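A.B. asks: Numbering (UniProt numbering), first residue to last: 1 to 128.
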C-alpha cells in the first residue's frame, strides 16, 4: 500500500525546477565577442591555377612568315618553344619552320634530341 501511495505522489506532483538553469529571457542572447563560437567551416579545395588560353596560329600569314625570316636567324638561342612564344604560332609549326631555316642554311643546329632541337645563329667566318 505504501508503494502505491508513492507512485500516486509521483504522478500528481509537478516536476522539480532545476535551480542551475536560468529562466528563458525574452530578449535575444548576445553573441560572444571572441568569435570562438560555432563549428568551424569545412575547407574548400581550390580549383588550381587557371592559365590563359593561347590562341596561336596554325598556319603562317605573310606578316608572321616575314618576321620569322627576319628576326629568328639572328637570335643566339633558337628552339621551337622560343619561336612559338615570340611569333605566337603552335609548336608543331615552329618545328617545321626551324627545319626549313636549317635546310636553307640560315641557322645552325647545335643539338638534336627526340624531345628538343636546339639551333643557333649561323656565324660567318671572315678572312682577316
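Ideal Cβ positions, reconstructed from N, Cα and C, are used throughout, including at glycine. Just so it is clear, the structure is predicted and the values come from calculations on it, not from any experiment.
1) Mind checking residue 92: buried by the 16 CB within 10 Å criterion, or exposed?
2) May I ask you to list the residues that DSSP assigns as paired with residue 208?
3) So what's residue 54 in DSSP terms, helix, strand or just coil?
4) Within the same chain, show all residues whose beta-carbon is closer than 7 Å to that of residue 78, passing over the 5 residues directly before and after it, in chain order.
5) Within 10 angstroms of the Cβ of residue 58, are there 16 or more other Cβ atoms? Answer buried if so, exposed if not.
6) Do residue 104 and residue 80 have their beta-carbon atoms positioned less than 7 Å apart in this structure?
7) Just the Cα atoms here: how many angstroms apart are residue 49 and residue 123?
8) Tell me which residues share the same chain as residue 102 and place their Cβ nearer than 7 Å to its Cβ, disregarding the 5 neighbours each side in the sequence.
C.D. replies: Let's see:
1) exposed
2) No information on residue 208 is available, as it lies outside the stretch 1 to 128 that the chain covers here.
3) coil
4) 72, 98, 107, 119 and 120
5) exposed
6) no
7) 42 Å
8) 109 and 119
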